[in-house]
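Numbering (my numbering), first residue to last: 6 to 452.
Glycine is no exception: its CB is placed at the ideal position from the N, C-alpha and C atoms.
As the structure is a prediction and not an experimental result, all values here were calculated from the model.
A quick write-up on the structure given underneath.
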Amino acid sequence: MTDSTDKPSALRKPKATITHIGERKLSPATLMMGAGYDPQLSEGSLKPPMFLTSTFAFESAAAGKHHFEGITGKRPGGAEGLVYSRFNGPNQQILEERLAIWDGAEEALCFSSGMTAITVLMLALCNAGDVIVHSGPLYAASEGFVAKHMSRFGVTYVDFPAGATRAEMDAVLEQAKAQAAANGGKVAMIYLESPANPTNALVDIEAMRDARDEVLGRAQAAEGGSASQNSCPIAIDNTFLGPLWQRPLDHGADIVVYSLTKYVGGHSDLVAGSIAGARRWMTPVRMLRNTMGGICDPNTAWMLLRSLETVELRMTRAGENAAKVCAFLRQHPKVEGLGYLGFIEDARQQDIYRRHCTGAGSTFSLFIKGGEAEAFRFLDSLTIAKLAVSLGGTETLASLPAAMTHLSVPDERKAQLGITDNLVRISIGIEDADDLIADFDQALGKV
Ligand SMILES: *Cc1c(COP(=O)(O)O)cnc(C)c1O
């Protein structure tokens, strides 16, 4: 009998990435130029070619069997070779290796959009009767997916305000535990988004980790067995500050989630998403992605590899620009206030920021004096900043959440979240900061 769990001898694998020089651990910015790619496997091509193929030729029948054992979960650890483009591909594998580096994660998985990443994650880790505990507000589609779609499969939720204290977190987990017991399920996932959009409220990840360990039990939290059966990971949408300004896995989160469409892609020219974390959490998600599809396509993966080479440069410049622009806006007579992480006044929020973040980002809320009419006048007068939703691109964008992204949110909930008619959402890009200031100054002058 041939033992197909032995690796076929002919497997061509890229050389392992060099991550250290002596004792020195190489930084992500350095690793983005080469990690996971061996030019000698691609005719010496310095940059990874784009692999436009639906399927991959096996080097032998035994190799084909070996690869399928990984794909189907018969052997843990996933595929060790290329099989079929719904499962994996060279561009996507290099991308996943590089994404994992930024967050210090064991593995990463890429998806066709941020929402595909989020929905496949939830579907993979939750069963009927389970409860999801989430911070609020979430990105509207994420919140809608939990409330309107997970509920169709018998998964309920409990939410809490992003800025909650440890005591409030304990209380919400107790409530979720009771709800899960009544429904014959478990608390399957704690899902956070920090900073929250558009309030910019930060979630205390460390406090939630401690609350989870205490209320749901260390045994459950540390359970090494089946991820979908008796443990509760903390997942966090890090789109607004990651990968540069917040590394949630270092603060107690288990899974980090991205819309790569934003800062990581960074040029407003693609839609993609990812998750990253320990293999035990990634494996069930990978299995469901293998079944459903939703892996990002090779062209998008290739563009993201290019984007990752400059992500630190772009985010650093955008962050510096935002600091200069906000310093100008703060003292302007037509400005009522700013929701910018660089100017936090609340002591508890300041403490979370100090512990979790290394930068204030470049996306913030600007409150214009007046209401919708004044905000419209300001937006229509901008010349450099483009009037569009989304964020994290090289260009500066501005929008009015109450009239656009949050138009369908009931007035009462809008009031609760502080989404007023004069709240302009701004994402600062990498233009010249003084040009941006001149543009904001003239537009405010028209109000
Ligand atoms: C944009 C965004 C998403 C959704 O990502 P897509 O790539 O548009 O699917 C999720 N979360 C946050 C915080 C976002 O900004």
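### Query
Who pairs with Ile431 in a beta bridge, going by DSSP?
Residue pairing by DSSP puts Ile431 in a beta bridge opposite Phe369 and Ala403.
### Query
Candidates Asp164, Gly94, His256 and Arg103: which alpha carbon is nearest Leu36's?
When only C-alpha atoms are compared, the closest one is Arg103.
### Interface flag, Ala240 vs chain D, CB-CB below 7 Å
In the displayed structure, chain D is absent; only one protein chain is listed.
### Task
Just the C-alpha distance for Leu449 and Tyr196, rounded to the nearest angstrom, thanks.
Leu449 and Tyr196: Cα-Cα distance of roughly 38 Å.
### Message
Along the chain, where does the alpha helix (DSSP H) containing Ile442 start, and where does it finish?
### Response
Boundaries of the alpha helix (DSSP H) harbouring Ile442: Ala438 to Gly450, taken from the DSSP string.
### Task
Please name the residue in Gln447, Val125 and Asp439 whose C-alpha comes closest to that of Thr288.
For Thr288, the nearest C-alpha among the options comes from Val125.
### N-terminal and C-terminal residue of the beta strand (DSSP E) that Val340 is part of
Judged by DSSP secondary structure, Val340 falls within the beta strand (DSSP E) whose first and last residues are Val340 to Gly344.
### Query
Given a threshold of 16 other Cβ atoms within 10 Å of its Cβ, counted over all protein chains shown, does Gln355 qualify as buried or as exposed?
Counting C-beta atoms within 10 angstroms of its own C-beta, Gln355 has fewer than 16 neighbours from the protein chains shown and is therefore classed as exposed.
#### Entry: Sequence-distant residues of its chain with Cβ nearer than 6 Å to Asn326 (five each side left out)
Excluding residues within five positions, the ones whose Cβ falls inside 6 Å are Ile433 and Ala438.
### Query
Touch check for the region 361-378 and the region 241-248: three-plus C-beta pairs under 8 Å?
Taking 8 Å as the limit for Cβ pairs, the verdict is that the region 241-248 does touch the region 361-378.
### Query
Using a threshold of 6 Å, is the CB atom of Thr410 nearer than that to any non-hydrogen atom of ligand 1?
Remark: the C-beta of Thr410 is outside contact range of ligand 1, defined as less than 6 Å to any heavy atom.
### Task
Report buried or exposed for Glu101, applying the criterion of at least 16 other Cβ atoms within 10 angstroms of its Cβ.
Buried is the label assigned to Glu101, since at least 16 other Cβ atoms lie within 10 Å of its Cβ.
### Runs of beta strand (DSSP E) lying entirely within the region 259-323, each at least 3 residues, in chain order
Contiguous beta strand (DSSP E) elements confined to the region 259-323 occur at 260-264 and 278-282, taking only those with 3 or more residues.
### Task
Helix, strand or coil for Ile210, going by three-state DSSP, please let me know.
Three-state DSSP puts Ile210 in a helix.
### Query
Under 7 Å between the Cβ atoms of Gly278 and Ala169?
Against a cut-off of 7 Å, the Cβ pair of Ala169 and Gly278 comes out as no contact.
### Message
Quick check on Lys20: buried or exposed, where buried means 16 or more other Cβ atoms within 10 Å of its Cβ?
### Response
The residue in question, Lys20, is exposed, as its Cβ has fewer than 16 Cβ neighbours within 10 Å.
### Own chain residues within Cβ distance below 8 Å of Ala232, not counting five before or after
Residue placement at Ala232 is poorly supported in this model, since its pLDDT is 37, which falls under 50; the coordinates are not used for a value here.
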